Amino acid sequence: MYSFSADFLPATTVRHVNALGVFSRKKVSYQLSAKDDRAIVEVLRKLDSEKRSTYIFSSHLQKTYLIEFIHIITKLHFRNTV
(Lines of atoms letter the chains of each structure in order from A and count residues from 1; the text may use other names and numbers.)
(Lines give C-alpha, C1' and ligand atoms only; values in the text may rest on other atoms or scores of the structure.)
Protein backbone atom coordinates (compact mmCIF):
# COMPACT_ATOMS: atom_id res chain seq x y z
CA MET A 1 0.00 0.00 0.00
CA TYR A 2 1.20 3.47 -0.82
CA SER A 3 -0.18 6.53 0.93
CA PHE A 4 0.60 10.22 1.00
CA SER A 5 -0.72 13.31 2.73
CA ALA A 6 -2.70 15.99 0.94
CA ASP A 7 0.18 18.44 1.25
CA PHE A 8 2.58 16.04 -0.50
CA LEU A 9 1.33 17.16 -3.92
CA PRO A 10 0.43 20.62 -5.22
CA ALA A 11 -3.17 21.62 -4.50
CA THR A 12 -3.95 21.78 -8.22
CA THR A 13 -2.86 18.16 -8.64
CA VAL A 14 -4.98 17.05 -5.68
CA ARG A 15 -8.02 18.87 -7.14
CA HIS A 16 -7.40 17.21 -10.51
CA VAL A 17 -7.24 13.74 -8.93
CA ASN A 18 -10.38 14.40 -6.90
CA ALA A 19 -12.20 15.55 -10.05
CA LEU A 20 -11.33 12.28 -11.79
CA GLY A 21 -13.08 10.38 -9.02
CA VAL A 22 -10.72 7.42 -9.22
CA PHE A 23 -10.05 7.45 -5.47
CA SER A 24 -13.71 7.73 -4.49
CA ARG A 25 -15.79 4.91 -3.08
CA LYS A 26 -17.60 4.36 -6.37
CA LYS A 27 -16.31 1.61 -8.61
CA VAL A 28 -14.18 2.79 -11.49
CA SER A 29 -12.70 0.39 -14.00
CA TYR A 30 -10.61 0.87 -17.10
CA GLN A 31 -9.61 -1.41 -19.95
CA LEU A 32 -5.84 -1.75 -19.92
CA SER A 33 -3.71 -2.67 -22.86
CA ALA A 34 -0.51 -4.62 -22.27
CA LYS A 35 1.38 -1.34 -22.71
CA ASP A 36 -0.81 0.39 -20.07
CA ASP A 37 -0.29 -2.51 -17.69
CA ARG A 38 3.50 -2.40 -18.09
CA ALA A 39 3.56 1.38 -17.56
CA ILE A 40 1.49 1.14 -14.38
CA VAL A 41 3.54 -1.74 -12.98
CA GLU A 42 6.77 0.14 -13.72
CA VAL A 43 5.71 3.34 -11.96
CA LEU A 44 4.30 1.44 -8.96
CA ARG A 45 7.58 -0.47 -8.63
CA LYS A 46 9.50 2.80 -8.73
CA LEU A 47 7.22 4.26 -6.04
CA ASP A 48 7.66 1.20 -3.86
CA SER A 49 11.42 1.26 -4.28
CA GLU A 50 11.69 4.93 -3.33
CA LYS A 51 9.34 4.48 -0.38
CA ARG A 52 11.93 2.16 1.15
CA SER A 53 14.92 4.24 0.03
CA THR A 54 17.17 6.39 2.20
CA TYR A 55 18.32 8.40 -0.82
CA ILE A 56 18.40 12.13 -0.09
CA PHE A 57 16.06 12.95 -3.00
CA SER A 58 13.71 10.03 -2.41
CA SER A 59 10.71 12.22 -1.53
CA HIS A 60 11.23 14.27 -4.69
CA LEU A 61 11.37 11.12 -6.79
CA GLN A 62 8.22 9.82 -5.10
CA LYS A 63 6.40 13.02 -6.06
CA THR A 64 7.61 12.65 -9.63
CA TYR A 65 6.51 9.01 -9.82
CA LEU A 66 3.17 9.77 -8.18
CA ILE A 67 2.51 12.52 -10.72
CA GLU A 68 3.54 10.09 -13.47
CA PHE A 69 0.97 7.62 -12.09
CA ILE A 70 -1.69 10.36 -12.03
CA HIS A 71 -0.79 11.18 -15.64
CA ILE A 72 -1.35 7.54 -16.65
CA ILE A 73 -4.69 7.45 -14.81
CA THR A 74 -5.72 10.71 -16.48
CA LYS A 75 -4.95 9.32 -19.94
CA LEU A 76 -6.89 6.13 -19.17
CA HIS A 77 -9.81 8.10 -17.75
CA PHE A 78 -10.20 10.33 -20.79
CA ARG A 79 -9.56 7.52 -23.25
CA ASN A 80 -12.38 5.53 -21.63
CA THR A 81 -14.86 8.38 -21.09
CA VAL A 82 -14.52 10.53 -24.20
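Numbering follows the numbering used here, with no gaps: position 75 of the sequence shown is 99.
Even for Gly, the Cβ is constructed at its ideal location relative to N, Cα and C.
Everything numeric in this text was worked out from a predicted model, so none of it was measured.
Taking the Cα positions, Y54 is about 7 Å away from H101. Contact annotation: the segment 74-90 touches the segment 26-38, with at least three C-beta pairs closer than 8 Å. With respect to the 7 Å criterion, I96 and A63 are classified as neighbours on the basis of their beta carbons. Taking C-beta separations shorter than 8 Å and ignoring five residues to either side along the sequence, the partners of I91 in its chain run L33, T37, following chain order.
Using a Cβ distance threshold of 7 Å, V67 and F93 count as a contacting pair. Secondary structure at T78: coil, using DSSP grouped into helix, strand and coil.
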